[in-house]
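Residue numbering for the sequence shown follows the numbering used here, beginning at 113 and increasing consecutively.
Worksheet: one structure, shown below.
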Amino acid sequence: MSLAIYPGSFDPPTLGHLDIIRRAALIFDEVKVCVMKNGAKSGAMFTPEECVCLIGKITERFNNVTVSAFDGLLADYIEDFEKPVIIRGLRAITDFDYEFQMALVNKKLNSKLETMFMVADTRYTYLSSSVVRALARSGGKLSCLVPAEILDAICREARGGVKPESLSQHQAK
Ligand code: ADP
């Protein structure tokens with residue numbers, strides 16, 4: 113069984129993230145999306161648990177994709193798995209420096225950790241969670257940036273509204 117682990121903060125998940133998940137799910141027997149709790153950035157929109165719910169909603173149709181949150185280092189998270197491959201997305205050369213450094217640091221921390229990079233689809237190379245957060249908070253149109261299933265939750269959260277109940281109810285697969 114080949115296993116891909118796709119770590120990130122996914123706050124919120126975008127069409128770019130979903131495209132990487134979809135493509136990884138075609139290549140690997142199993143894909144585990146992992147919301148890293150220590151990856152939270154300033155100006156967060158959702159808690160890691162809420163991000164797990166959002167990813168659960170947009171990946172329901174994939175029967176080999178699961179999602180969970182982890183509080184700690186990726187090097188420790190992968191210990192439970194036999195031959196995990198870490199998937200990271202590369203949007204532009206600007207991603208490369210950081211990703212290259214992280215891959216090397218992770219390898220140093222745990223020698224069985226292998227990182228593979230997937231090149232972002234040209235439709236999504238400009239797209240990041242921070243762009244979505246900024247646009248959402250300014251009332252911008254998000255329908256071509258995030259999956260339709262979670263558009264409402266993001267708009268509501270940006271307006272400071274009450275979170276939909278379903279966000280706290282989703283059971284991680
Ligand atoms: P992190 O804080 O770990 O960078 P992100 O949620 O921002 O978490 O991103 C998770 C992974 O998804 C990273 O490898 C990032 O490069 C990749 N990614 C982010 N946006 C896109 C996109 N639009 N297309 C492809 N990959 C992306």
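All C-beta atoms in this analysis are idealised placements derived from N, C-alpha and C, irrespective of residue type, glycine included.
Return the CA-CA distance between residue i and residue j, expressed in angstroms with no decimal places.
{"i": "proline 160", "j": "arginine 245", "result": "15 Å"}
{"i": "valine 243", "j": "isoleucine 117", "result": "24 Å"}
{"i": "lysine 169", "j": "isoleucine 262", "result": "7 Å"}
{"i": "phenylalanine 122", "j": "leucine 216", "result": "22 Å"}
{"i": "glycine 272", "j": "glycine 128", "result": "25 Å"}
{"i": "cysteine 76", "j": "isoleucine 266", "result": "Residue 76 lies beyond the residue range present for the chain, which begins at 113 and ends at 285; the question has no answer from this structure."}
{"i": "alanine 204", "j": "isoleucine 132", "result": "15 Å"}
{"i": "glycine 184", "j": "leucine 254", "result": "31 Å"}
Look at the Cβ atom of residue i, then the Cβ atom of residue j, and state whether they are nearer than 9 Å.
{"i": "alanine 248", "j": "glycine 201", "result": "no"}
{"i": "leucine 138", "j": "proline 196", "result": "no"}
{"i": "leucine 130", "j": "threonine 178", "result": "no"}
{"i": "cysteine 146", "j": "tyrosine 189", "result": "yes"}
{"i": "threonine 234", "j": "isoleucine 198", "result": "no"}
Tell me the residue span of the beta strand (DSSP E) that contains residue i.
{"i": "valine 177", "result": "177-182"}
{"i": "alanine 116", "result": "115-120"}
If you follow the alpha helix (DSSP H) that residue i is in, where does it begin and where does it stop?
{"i": "threonine 206", "result": "205-221"}
4-residue-minimum alpha helix (DSSP H) runs that sit fully inside the stretch 134-198, ordered along the chain: 160-170 and 186-189, all fully within the stretch 134-198.
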